Every structure is written in C-alpha cells, then in structure tokens.
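Undergrad:
There are 2 protein chains.
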Amino acid sequence: MVAKKPINTRTKAPTIRDVARVAKVSIGTASKALNANGRLSTETREKVKRVAAEIGYRPNDLAQSLHRSKSMTVGVITNDSFGRFSFPIFEALEERLAAEGIAVFMCNATDDPERERQHLDQLLGKRIDGLVVTARRTDNRAPIGRFAHGLPVIYVFTHADEDDAHSLLPDDEGGAYLATTHLASLGRKHIVHVTGPERFEAVRLRLKGYRRALKDNGLDEQVHHGPWSEVWGREAAAKLFSKKTQKPDALFCGNDQIARGAAEGLRDLGIQVPRDVAIVGFDNWEVITQAARPPLTSIDMNLKALGAEAGERLIAMIGGQKIRGARRMPCSLVIRQSCGSEMRNLSEV
Amino acid sequence: MVAKKPINTRTKAPTIRDVARVAKVSIGTASKALNANGRLSTETREKVKRVAAEIGYRPNDLAQSLHRSKSMTVGVITNDSFGRFSFPIFEALEERLAAEGIAVFMCNATDDPERERQHLDQLLGKRIDGLVVTARRTDNRAPIGRFAHGLPVIYVFTHADEDDAHSLLPDDEGGAYLATTHLASLGRKHIVHVTGPERFEAVRLRLKGYRRALKDNGLDEQVHHGPWSEVWGREAAAKLFSKKTQKPDALFCGNDQIARGAAEGLRDLGIQVPRDVAIVGFDNWEVITQAARPPLTSIDMNLKALGAEAGERLIAMIGGQKIRGARRMPCSLVIRQSCGSEMRNLSEV
C-alpha cells in the first residue's frame, strides 16, 4: 500500500520542539506557555507565543484530542449517491459544525451494507465524537446504533427502526396538505395527485396530506402512481385528458419532474396552465421549476434548515444531552406561475 | 461551546487495558501481540487477538497516527455549492481512498476565501496527509500551496496559478472537438455553437475545440453566448430561425440545459430534431438529457473517472512521488436521438 511509505518529500510542519529551540526555553516551558497552564512569567509566556506565531506553529489536534479524549470530528455516512438531497443538508450541517471547530469525515456507502460497515469501523477508529446518517428514503433503514458504542447518532432525511434513535425529517404530510389546501383555496374542485412509487415513505406521507386536505375541503380524490420522471408526468397528463370522465382542474404532483412533465403534456394538448389546470410540484428544485413552462409552484423541504438543525442537535448530543424520537421540520410553499395565484411565499403554519 | 463539555453519557469503547485485563496479560504484552512486534509465544499472541476480537477492541487511530506521523486522512475543500459536478468526483475519490484506509474530511468553502482559510487551518491541525481542492471553473483559483507546508495538494476540476501545482481536469477542448466532428461526419454543414458566458474557462476551451473541428472540416463558424439555462436555449433557437439568413442544420450547445431549451424552442416552431436540425449538448446530465424531446446526444466529462484518478495520484503523492502540471482527461460522446445517428457510444481517441 503506497500510503504507508514514509513521507520524506514533505516540508515538516514546525513542532513544539522548534518553538522551544527558537524561544530558547525547554519543551516543558513551551508547552506550559502555549497551553496556558503551569506557572510562568508573563514575559516568557508572551515570548513563546510570539515565536509560535512567527514560525507558524499549530498545536497538534491529534495529540490534543488524545489528551481530551475528544477528536473534534464527526462522521457523515450518506447513501444518496445522487447527492441532490444530501448535498444541501450536508452543506448547512458542515457550516454549523465548522463554527464549533468540528471537522466532518464524509463517507458514501452507496447503499452497500458491507461498505457502510467498513466506513463505520474506520470512523470509530478515528474516535469520532458523533455520527450523522443520511439516505434515500425508500423505507426505514437498519439501525446503526448497536455498532456505535453509545456514540451520539442522528438520522437525517431517513430514520431507523430503533427505540431511542433520533431522526430529523421534512414534514412530507404537512407539505402535501399545504399544496392541496392552496389549490382548493384557489377554487379548484378536481385535484388529482400524480406521484411516485408507493414503496417510498415520502409518497405514502404526501398522499396522506393530500387526502386530509381534500377531506377538509369536501373534495374527492384521484391518485396515480408512476416513476419519478418527466416522462411519467407527460404520460399521466395525456391519459387524464383522453378519458371521457371528469377532467381535473388541478394536479398536485409528487415531485417537480412529474409536475414539469405534466405541464408539457398539457401544453402539447393545447390545455392552458394555470388557466385550465393549475399545477403544484414538490422539492422546489430550481433547475426544474424555473425551466418549466410556466415556472412551477412547488413545496420546499427546507433542506438547509434541516442540515443546520441537525448540526445544532448533534452538538447538544455530544455535550451530553439526550434527544430521542423522530422530529418533522416544516415545509414551505413557493409560489410561481403554475398554480394561478400571485407571486408570494407562504410558510406552513 | 457545548462541544467542549466532557462526555459522560457515552459507553466507553474497549481499550488495550481491557484487552490485557480479560486476557490476563500485561498491557505491554497485549500491545506487542496486537502490533505484531516483540517476542511472544504464538499461544499468547493468539489468545490476546481472540480476546480483542471478542470484546470489540479497535486500535486507536489517533495514537497510531501520532506514532507513525501519518493521520490516514485527507482533506477535500470544495467551492461548488451546487454539488452537481463535485459530487460524482468526490464519490469516486472517496471510494478510492477508503480502499487504502484513508478517510476524507470534506469542507465546503462556498467561494469565501476567509472560510477556506479557516478550513485549511483546521485540516492542518488534524495533520491531514494530503489535500484535494475542487471548484467551479470561472477561472484559475488562488493557489493554496504556500499555506500548506509542503503537503501534497491536487486541484481537481480547477487549477491554480502556481508553477508546480498539479491539476486534473476534463479535456473540454477535446470534448467539443468530438461533438463538432460528429455533427460534421453526419453531413451537417451549418453548425452553430450556442454556449455559456465567456468568463468560464470551459466556455473558451469548448469554443476552441469547436473552431478546430470546423477548420478541419472546412466549415464556417457562428457563436452565441448567453446564460447556462434552458431559457437561453429557447431564446437562441427562436432568434436563429427568425432571421432571413442561412438557417443552421446543427447546434452544438455549451451544456445540456441550453441544448434542451434549444430543442424545445425548435419544437415550438415546428422544426424537427434531428431531421431538420441536429443537436449535441455537453455534461451528459441525465436528468436533462433523458427528459428532453428527443433525448439528447451529449459529451460526458467522465467525472467519476476523474475522481478515481485524483485519488490514485494523491496516494502516489503521499507516498513521495512528485507530480506536477495540468493533466486533461478525455471526454466521451454519448449518442441518443437528437443528433440523428444510431444509438452507440464513442470514446474520444
């Protein structure tokens, strides 16, 4: 293994030995001065600090963390190889932890349990102070807890089948309720739900929110499942409007790709969005919502807020706080042209 | 700061002390047995190893890395907050390094030099063995080298203005040459280049490849710059075909979003793709290429191969090898329906 060869080509970073030599003090004195402990004259202490700054000495975190039994590191294991959902979460999480001086090891297990186990072993060997697990959400994931020696673990955008696991998720049901209620409030009476595969927990929760909103507004449901794609959205639009039955006047779609496909399908048929049919998507993925004709109203899962909150909670857990159970964070409605109301943002109450 | 409180709620991981106690040997003997050094009977060595496995003892990487002066960690600093380009690179890089037992610290500097500097300080404090810098490519980035104490640094998908910096990039010029030559080989005579903003190095390089291919085929150029969006692609298509001048019979677009927009713009005008106008995009971003009508032929930058190669090279550099200068990795042409040739993949020669 190449990486185990000695590194002889590298300029060595200055050590406490160098600080002591240049400052003409003992290593013990240099250490006391830099760690602000022991009795020393102010003069000596200042001299050592000045020398350390001049020669670019940095305290060795490894030695410090052995001493404190804290590594000031956290591991993130993701299974979302696409990265569209995990990246904004990770970005905000990393920013929050970096502010506390905590660095993040990131591992991608790509849904391979063997690789996940190896990553976890490696992270435990590095004595991480906490662990974040994030994933695609087809269903509950296997808990990681029993391998982690009581390490603080937080599941983000996924949850585990384990009694005291702590997970942080978007409120899919609330988001769907918000979208459907918005369409109903604009006077739409035949709101059809075109969504993704039923095996996704998010699909089941969004369906629940849609049904609750219809019930609250005295409207009937119509649900169609298919893949998470624009092609499915186009097909669904074509199918819905070729039937002799009651035509929908609104579509609430399970994601933005389905919504954009539906908008194009209606365009092909000469049906106007939003005049004839209003559309609301889910994800607020700007690449899709902005390019659609018309630009799509959508539900935003506020993934950056989710990531920042996960960082906050993990820091508290590392500090000894016990946090348990699943917590759902609110979604928001981002209004563009496809739903027929004016441009404004509403937060879920 | 919460994170500095002592952790008193955490189950302690077994230490070498526990191994010694259970195996009924001294700590020195346990250490010799587990580190495979010193003289011990085979029986004792085996007993210690068995006990270590039974109680779940893991050697402490922190202690080991202090001893070896190797941390078995690498830092990645990214400035690509969107993650679409950096994520596949990171994924393959991390996989390659994990295979060598090297863990990856990932930091997002989001184009803020102050944050980048803080991240670097933090990484240096953790005694990383090497550093990967990746970024959006508007232009050369400020070199990081002079702060890094001779640490092996590799720039991926970006490069630095520094004599001995090593960078790994996709061959944008070669990719554009491949796309344009392909269109010319299909008999297209009026190939227009609709691309992104000129301030991007990638735009300038792709333009160069397009020009070289046209020259080799005795064709004339026509170039239009605009934003990296579908809206710009639609606008460009509308503009090109409203003119009284020579109509294009092919478009080579600077990215897939522009290409998809152009395809939709032509569709709106009743112009058939690829019969009347052939289109080739750039990035091979499947979300866009597969949803376009027709699905788009595109240039793939092989970002996963780039990430794996970066890992390989960084491992060699950590092992003491000197690697310098910029290296461009080949792109490939992925053929779908928009260019009018049959389905097949060609690699750049």
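Protein chains in written order, with my numbering: chain P, 9 to 357; chain Z, 9 to 357.
Think of the CB as a built atom: it goes at the ideal place given N, C-alpha and C, for glycine as much as any other residue.
Only a predicted model underlies this, so the values are computations on that prediction, with no experimental measurement involved.
1) Can you give the Cα-Cα distance for Z:D26 and Z:R58, rounded to whole angstroms?
2) Need the endpoints of the alpha helix (DSSP H) that Z:H198 sits in, please.
3) Could you tell me whether any Cβ in chain P is nearer than 8 Å to the Cβ of Z:G182?
4) Classify Z:R47 as buried or exposed, calling it buried when 16 or more other Cβ atoms lie within 10 Å of its own Cβ.
5) Locate the beta strand (DSSP E) running through P:D308, then write down its first and last residues.
6) Taking only three categories from DSSP, how would you classify P:L74?
7) Verify whether the separation of the beta carbon atoms of Z:A270 and Z:A299 is less than 8 Å.
8) Contact criterion: CB-CB distance below 8 Å. Does Z:H127 meet it with respect to chain P?
9) Counting only the same chain and skipping the five closest in sequence on each side, list residues whose C-beta sits under 8 Å from that of P:E99.
10) Which word fits Z:E122, buried or exposed, when buried means at least 16 other C-beta atoms lie within 10 angstroms of its C-beta?
11) Pick from Z:R104, Z:D228, Z:I110 and Z:A173: whose alpha carbon is nearest that of P:D129?
12) Determine, using beta-carbon pairs with one atom in the stretch 208-217 of chain P and one in the stretch 170-187 of chain P, whether at least three such pairs fall under 8 Å.
13) By the DSSP assignment, the alpha helix (DSSP H) with Z:I296 in it spans what residues?
14) Among residues of its own chain, excluding the 5 on either side of Z:P205, which ones have a beta-carbon nearer than 8 Å to its beta-carbon?
15) Using 8 Å as the Cβ pair cut-off and three pairs as the minimum, do the stretch 253-272 of chain P and the stretch 282-296 of chain P touch?
16) In whole angstroms, give me the CA-to-CA distance for P:G319 and P:K330.
17) The ligand PLP and P:D129: does any heavy atom of the ligand fall closer than 7 Å to the residue's C-beta?
18) Taking the beta carbon of Z:K134 as the centre, do at least 16 other beta carbons fall within 10 Å, making it buried, or is it exposed?
19) Hey, which unbroken runs of the alpha helix (DSSP H) at 4 residues or more fall wholly within the stretch 209-247 of chain Z?
20) List the endpoints of the continuous beta strand (DSSP E) containing Z:L341.
21) Chain P partners of Z:C261, CB-CB under 7 Å?
22) With P:P96 as the anchor, note down where its alpha helix (DSSP H) starts and where it stops.
23) Helix or strand or just coil, what does DSSP make of Z:F165?
24) Hey, is Z:Q345's beta-carbon within less than 8 Å of any beta-carbon in chain P?
25) For P:E102, go through chain Z and note every residue whose CB falls closer than 8 Å to its CB, in chain order.
26) Verify the CB distance criterion: does Z:G111 have a CB-CB separation below 8 Å to chain P?
27) Look up P:R275 in the DSSP assignment and say whether it is helix, strand or coil.
28) Between the Cα of Z:L248 and those of Z:A221, Z:R220, Z:N225 and Z:I279, spot the shortest distance and give me the residue it belongs to.
29) Cβ of P:V82 within 8 Å of Cβ of P:L322?
30) Give the interface partners of P:A106 over in chain Z, defined as CB-CB distance under 9 Å, in chain order.
31) Along the stretch 80-97 of chain Z, what residues have a CB closer than 9 Å to any CB found in chain P?
32) According to DSSP, is P:V285 helix, strand or coil?
33) Can you tell me whether DSSP reads P:S175 as helix, strand or coil?
34) Which residues in chain P have a C-beta closer than 9 Å to the C-beta of Z:V239? List them in chain order.
TA: Based on what the coordinates show:
1) 13 Å
2) Neither: Z:H198 is in no alpha helix (DSSP H) and is coded neither H nor E.
3) no
4) exposed
5) T305 to D308
6) A caution first: P:L74 carries a pLDDT of 47, below 50, which makes its placement in the model unreliable, though a value can still be read off. Correct three-state label for P:L74: helix.
7) no
8) yes
9) K312 and G315
10) exposed
11) Z:I110
12) yes
13) E294 to T297
14) V211, H233, G234, P235 and W236
15) yes
16) 15 Å
17) The ligand PLP is not part of the structure shown, which contains no ligands of any sort.
18) buried
19) 209-224
20) S340 to V342
21) The premise fails here: Z:C261 is roughly 14 Å from chain P at the closest Cβ pair, so nothing lies under 7 Å.
22) S94 to A106
23) coil
24) no
25) M114, C115 and N116
26) A small fix is needed here, since residue 111 of chain Z is Ala in this sequence, not Gly. It does: the Cβ of Z:A111 has a partner Cβ on chain P nearer than 8 Å.
27) helix
28) Z:I279
29) yes
30) C115, N116, R123, Q126, H127 and Q130
31) M80, T81, G83, V84, S89, F90, G91, R92, S94, F95 and P96
32) coil
33) strand
34) Q298 and A299
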